[in-house]
Amino acid sequence: VPRLVSTDYPCVAPSLVAQVDTWALGVLQYLLLRGRLPFDGPDDAAVAAAVARCNLTALRTDDVWRGTSRDCRDLLSRLLTLSEFRLTAREALEHAWLRVGVSGT
Numbered sequence: 046v047p048r049l050v051s052t053d054y055p056c057v058a059p060s061l062v063a064q065v066d067t068w069a070l071g072v073l074q075y076l077l078l079r080g081r082l083p084f085d086g087p088d089d090a091a092v093a094a095a096v097a098r099c100n101l102t103a104l105r106t107d108d109v110w111r112g113t114s115r116d117c118r119d120l121l122s123r124l125l126t127l128s129e130f131r132l133t134a135r136e137a138l139e140h141a142w143l144r145v146g147v148s149g150t
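Reading the sequence shown from the start, the letters are residues 46 to 150 in this note's numbering.
1. Would you tell me roughly how many angstroms separate the C-alpha atoms of TRP110 and THR133, rounded to the nearest one?
2. For CYS99, which of helix, strand or coil comes out of DSSP?
3. Taking the straight line between their C-alpha atoms, what separation do you get for GLY112 and ALA97?
4. Report yes if the C-beta distance between SER114 and LEU101 is below 7 angstroms; otherwise report no.
5. Look up GLU136 in the DSSP assignment and say whether it is helix, strand or coil.
6. Using C-beta distances below 7 angstroms, list every residue in its chain close to PHE84, excluding the 5 sequence neighbours before and after it, in chain order.
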C-alpha cells in the first residue's frame with residue numbers, strides 16, 4: 046500500500062527513529078477486522094485527503110463495527126490518529142484490547 050507510506054501528511058507514518066510505526070499496526074488491524082483499508086477514495090488525492098484528516102467516523106457509524114468491542118475500536122482510533130496523539134508500541138501493547146486473556150491481568 047505505497048500510497049499510505051508518505052510523510053507528506055501529519056497523520057501518516059512519522060520518522061521511525063523515535064517511535065515504532067504503530068500507524069501500520071492500526072492499518073493492519075483495520076484491514077484484518079474489516080477486510081478493507083481504513084481510508085479510501087476514488088483516486089490517490091482523495092485517499093491522501095482522507096488520511097490527512099484521520100477521520101474514522103466508520104468506527105462509530107458503520108454497522109460492521111457495532112459488533113466489535115469498544116476496546117477494539119478504541120485501539121484503532123488511537124493508532125490511526127495524528128502522530129502526536131498516536132500510541133507508542135509500548136502503549137499499544139498495554140492497551141486493554143491486547144491484554145484480554147493475558148496471564149496476570
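Beta carbons are placed, not taken as given, at the ideal position from N, Cα and C, and that holds for glycine. Remember, it's a predicted structure, so these values are computed and weren't measured experimentally.
Taking the coordinates as given:
1. For TRP110 and THR133, the distance between alpha carbons rounds to 24 angstroms.
2. In this structure, CYS99 counts as coil in the three-state DSSP scheme.
3. When rounded, the distance between both Cα atoms is 27 angstroms.
4. The answer is no: Cβ separation not under 7 angstroms.
5. Three-state result, GLU136: helix.
6. VAL92, ALA95, VAL96, listed in sequence order.
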